[in-house]
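So the sequence shown is numbered by this note's numbering: it starts at 2 and just counts up by one. Using N, Cα and C, we set each Cβ at its ideal position, and we do this for glycine too. What follows is a short report on a single structure.
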Amino acid sequence: MICLVLTIFAHIFPSAWTGINERTFLAIKPDGYQRRLVGEIIRRFEKKGFCLVALKIMQASEKLLRQHYIALQDKPFYDRLVKYMGSGPVVAMVWQGLDVVKTARVMIGETNPAHSLPGTIRGDFCIDVGRNVIHGSDSRESAQREIALWFQPDELVCWQDSAERWIYE
Ligand SMILES: Nc1ncnc2c1ncn2[C@@H]1O[C@@H]2COP(=O)(O)O[C@H]2[C@H]1O
2 MICLVLTIFA HIFPSAWTGI NERTFLAIKP DGYQRRLVGE IIRRFEKKGF
52 CLVALKIMQA SEKLLRQHYI ALQDKPFYDR LVKYMGSGPV VAMVWQGLDV
102 VKTARVMIGE TNPAHSLPGT IRGDFCIDVG RNVIHGSDSR ESAQREIALW
152 FQPDELVCWQ DSAERWIYE
């Protein structure tokens with residue numbers, strides 16, 4: 002209940018989710034799902050120390066995907082991207098932790114896998130920019146927008162992280 006109130010509060014005042022409560026939106030794309038990379042990807046963020054606060058498998062609607070990628074609507078690959086993202090299951094997730102937006106992007110690698118270093122998700126698991134396995138919000142503002150687009154407030158779970166004092170000073 003407290004979490005629900007906090008989540009609604011954060012929709013109105015995004016600054017509520019800062020510091021160790023910062024949140025980001027990640028989605029394992031249909032290629033990552035088909036290639037059985039779901040466990041490996043989740044494992045990386047768990048081992049890093051971030052908290053998983055929401056997760057669902059879904060086949061995203063065209064409407065949702067057009068909204069999600071609205072900033073890219075003038076790009077020549079926009080329709081192709083929406084079609085690919087809707088072509089199979091995706092795993093939509095919200096992760097929480099200090100600087101999670103920026104750190105998740107570092108862990109994911111560059112948009113083009115060819116420019117991604119080994120050790121990053123895209124550097125390790127993919128080759129083609131049109132099949133780059135995972136999406137991660139590119140800013141705190143995008144994260145707020147994307148979380149609100151993909152999840153209802155009551156789908157985000159607040160839980161007490163018993164390892165917190167071993168992760169943060
Ligand atoms: N040149 C491109 N051709 C096809 N897809 C692209 C291209 N550039 C970016 N994208 C896709 O657009 C997506 C936008 O953000 P993502 O991190 O989800 O990953 C990106 C790629 O999947």
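For the alpha helix (DSSP H) containing residue i, name the first residue and the last one.
i       : result
Arg-106 : 101 to 109
Tyr-85  : 79 to 86
What does residue i pair with, by DSSP beta-bridge criteria?
i       : result
Ile-21  : In DSSP, Ile-21 forms no bridge with anything.
Leu-27  : Met-94, Gly-137
Pro-119 : Thr-121
Taking 9 Å as the threshold (beta carbon to beta carbon), is residue i in contact with chain C?
i      : result
Asp-32 : Note that chain C does not occur in the displayed structure, where there is just one protein chain.
Using 8 Å as the cut-off, classify the Cβ of residue i as near or not near the heavy atoms of ligand 3, replying yes or no.
i      : result
Lys-84 : Questions concerning ligand 3 fall outside what the structure shown contains, since the ligands it does hold are ligand 1.
Examine the Cβ distances between the stretch 32 to 42 and the stretch 84 to 96 and report whether three or more of them are shorter than 8 Å.
yes
Touching or not, the stretch 36 to 55 and the stretch 93 to 102, by the rule of three or more beta carbon pairs under 8 Å?
yes
Contained alpha helix (DSSP H) runs [length at least 4] in the stretch 46 to 77, N- to C-terminal order
63 to 69
Counting only runs that start and end within the stretch 122 to 166, where is the alpha helix (DSSP H) found for 4 or more residues in a row?
122 to 126, 141 to 151
Any contact between the stretch 128 to 135 and the stretch 98 to 113? By contact I mean 3 or more CB pairs, one from each, below 8 Å.
yes
For the stretch 56 to 74 against the stretch 110 to 128, are there 3 or more C-beta pairs whose distance is under 8 Å?
no
At a cut of 8 Å, does the stretch 146 to 157 reach the stretch 36 to 45 through at least three beta carbon pairs?
Verdict: no, contact absent.
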